[in-house]
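Residues in the sequence shown are numbered consecutively from 158, following this note's numbering.
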Amino acid sequence: MSGVQNIEVQPDDDGSRIDRWFKRHFPDVAFGQLQKIMRKGEVRLDGKRVKGKERVEAGQIIRVPPLATYPSTSVVKTNRPKVSDADATAIQNCVIYKDDAVIALNKPAGLPTQGGTGQTRHVDGMLDALRFGSEHRPRLVHRLDKDTSGTLLLARSAKVAVVLTKAFQSRDTDKRYWALVAGTPKNRDGRISVRMDKINMKGNERMVVSAEGKLSVTDFSVVENAGQMASWLALKPHTGRTHQLRLHCAEMGHPIVGDGKYGGQAAFLTGAISRKLHLHSRFITFPHPDGGTVTVTAPLPEHMQASFDFLGLSVGDYEDPDFE
158 MSGVQNIEVQ PDDDGSRIDR WFKRHFPDVA FGQLQKIMRK GEVRLDGKRV
208 KGKERVEAGQ IIRVPPLATY PSTSVVKTNR PKVSDADATA IQNCVIYKDD
258 AVIALNKPAG LPTQGGTGQT RHVDGMLDAL RFGSEHRPRL VHRLDKDTSG
308 TLLLARSAKV AVVLTKAFQS RDTDKRYWAL VAGTPKNRDG RISVRMDKIN
358 MKGNERMVVS AEGKLSVTDF SVVENAGQMA SWLALKPHTG RTHQLRLHCA
408 EMGHPIVGDG KYGGQAAFLT GAISRKLHLH SRFITFPHPD GGTVTVTAPL
458 PEHMQASFDF LGLSVGDYED PDFE
């Protein structure tokens with residue numbers, strides 16, 4: 158790798174710390190080396206010096222210096238903590254698709270995709286348990302929020318990671334989510350389009366609708382109502398803003414069940430309905446690196462299935478609508 162690169166931050170990286178952005182896209186760059194490069198001002202975010210803890214937003218430009226000038230960057234760190242037997246078994250049990258190029262997981266709700274403040278157990282820290290005889294450690298190519306369950310793709314080599322990352326960046330993938338929301342939306346289907354921005358509230362980041370923010374677009378369709386109590390929605394995001402689906406549902410006046418952050422007490426239903434977030438990445442259709450397209454579908458997590466059963470919502474042979 159030689160020469161300076163100016164790379165645009167893509168929607169799937171929106172909200173990431175810049176040091177984690179480097180870990181994802183340039184995994185061979187050692188942490189200490191990255192910090193040295195940043196201290197020298199060789200990494201820039203929209204032309205400005207940046208520290209590792211600062212977060213990036215979709216559309217910003219990251220200046221990446223010629224990393225080949227740093228000999229140690231060609232060496233992958235090997236001091237990663239060993240995956241415990243329990244975690245290895247747990248993450249292997251999450252595999253719902255595997256071939257020579259791609260692995261797909263049904264990520265449990267509550268398990269972060271990557272580490273963060275106070276997070277020591279996450280998918281990224283368990284990837285060594287998913288080698289399945291390969292010399293290469295699988296690589297993350299997109300993320301799901303900690304409390305969102307469902308389909309998460311991994312690349313089994315650097316070459317495949319490039320192909321899949323480009324597919325997500327160019328939106329050649331089709332991602333669908335299912336959500337259980339409080340109440341019954343007036344419209345059976347439609348499009349939510351608002352500008353979103355990030356604010357800090359007592360140390361917690363939160364997304365809000367703001368005329369100064371970035372555009373976010375989601376299509377929705379009401380699949381079935383459970384009386385006036387709740388509704389099952391199919392969602393197709395066209396952009397990838399942080400907490401986009403959660404904010405969009407709350408803005409409709411029908412927060413996702415369990416989402417107290419954006420829905421307050423209205424997001425918590427009575428009876429046997431779990432207080433966990435009811436948002437699930439149901440399937441992803443993507444162009445396979447070896448040709449053709451593949452669709453991977455993730456079964457509902459236990460807490461959502463239990464809520465569906467309690468409310469009389471039957472998945473059955475339901476097929477998602479053909480959104481534009």
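Just so you know, even glycine gets a beta-carbon here, dropped at the ideal spot from N, CA and C.
To the nearest angstrom, how far is the alpha carbon of residue i from that of residue j?
i	j	result
threonine 330	isoleucine 175	24 Å
glycine 172	arginine 196	22 Å
arginine 313	aspartate 256	9 Å
lysine 303	histidine 400	11 Å
glycine 417	isoleucine 441	27 Å
threonine 305	lysine 343	25 Å
valine 200	proline 394	31 Å
glutamine 167	glutamine 276	24 Å
histidine 279	glutamine 271	5 Å
valine 319	methionine 364	29 Å
valine 161	valine 221	6 Å
cysteine 251	glutamate 408	33 Å
phenylalanine 459	histidine 293	Note that residue 459 is glutamate in the sequence shown here, rather than phenylalanine. Taking the straight line from one Cα to the other gives about 32 Å.
valine 240	proline 269	15 Å
lysine 316	asparagine 361	37 Å
arginine 432	aspartate 170	28 Å
arginine 181	glycine 273	14 Å
Report, in whole angstroms, the separation of the C-beta atoms of residue i and residue j, which I expect to be a contact under 8 Å.
i	j	result
methionine 353	serine 367	7 Å
phenylalanine 289	leucine 224	Not a contact, Cβ separation roughly 30 Å.
histidine 411	valine 338	4 Å
leucine 321	alanine 261	Wrong, their Cβ atoms sit about 11 Å apart, outside the cutoff.
lysine 371	glycine 216	7 Å
Kindly indicate which residue of the options has the alpha-carbon position closest to the one of residue i.
i	options	result
glycine 209	Gly216, Phe179 and Val319	Phe179
arginine 328	Thr396, Ile164, His279 and Arg403	Thr396
arginine 177	Phe467, Ala315 and Arg212	Arg212
methionine 461	Ser438, Glu476, Asp479 and Gly449	Ser438
lysine 332	Asp479, Ala215 and Gly415	Asp479
glutamate 214	Arg403, Lys193, Pro238 and Arg398	Arg398
leucine 470	Pro265, Glu362 and Ile430	Ile430
alanine 383	Asn361, Glu459 and Thr341	Thr341
alanine 463	Phe443, Gly428, Val317 and Thr246	Gly428
alanine 324	Ile356, Val240, Gly448 and Val414	Gly448
valine 414	Ser378, Phe443, Trp335 and Lys193	Trp335
Is residue j closer than 8 Å to residue i when the C-beta atoms are compared?
i	j	result
glycine 307	alanine 424	no
alanine 286	glutamine 249	yes
isoleucine 219	leucine 191	no
histidine 445	valine 259	yes
leucine 457	phenylalanine 465	yes
leucine 426	methionine 386	yes
methionine 283	aspartate 244	yes
leucine 436	leucine 404	no
valine 374	arginine 345	no
lysine 264	leucine 301	yes
Apart from the five residues on each side of it in sequence, which residues of its chain come closer than 7 Å, Cβ to Cβ, to residue i?
i	result
glycine 189	none
glycine 473	none
tyrosine 475	Val380
glutamate 165	Gly216 and Ile218
aspartate 281	Thr270, Gln271, Gly272 and Leu297
asparagine 163	Ile218 and Arg220
If I measure Cβ to Cβ from residue i and keep anything under 8 Å in the same chain, skipping five residues before and after, which residues do I get?
i	result
tyrosine 254	Ile260, Ala261, Val451 and Val453
threonine 230	Low confidence applies to threonine 230: its pLDDT is 39, below 50, so where it sits in the model is not reliable enough to give any reading.
glycine 421	Pro412
Looking only at its chain, what residues have a beta carbon closer than 6 Å to the beta carbon of residue i, apart from the 5 residues adjacent to it on each side?
i	result
arginine 206	Gly198
aspartate 477	Arg333 and Ala391
aspartate 376	Arg348, Lys393 and Phe480
proline 295	Ile260, Leu284, Leu287, Leu311 and Arg313
Would a check of beta-carbon distances place residue i closer than 8 Å to chain D?
i	result
phenylalanine 480	Chain labels in this structure do not include chain D; a single protein chain is all it has.
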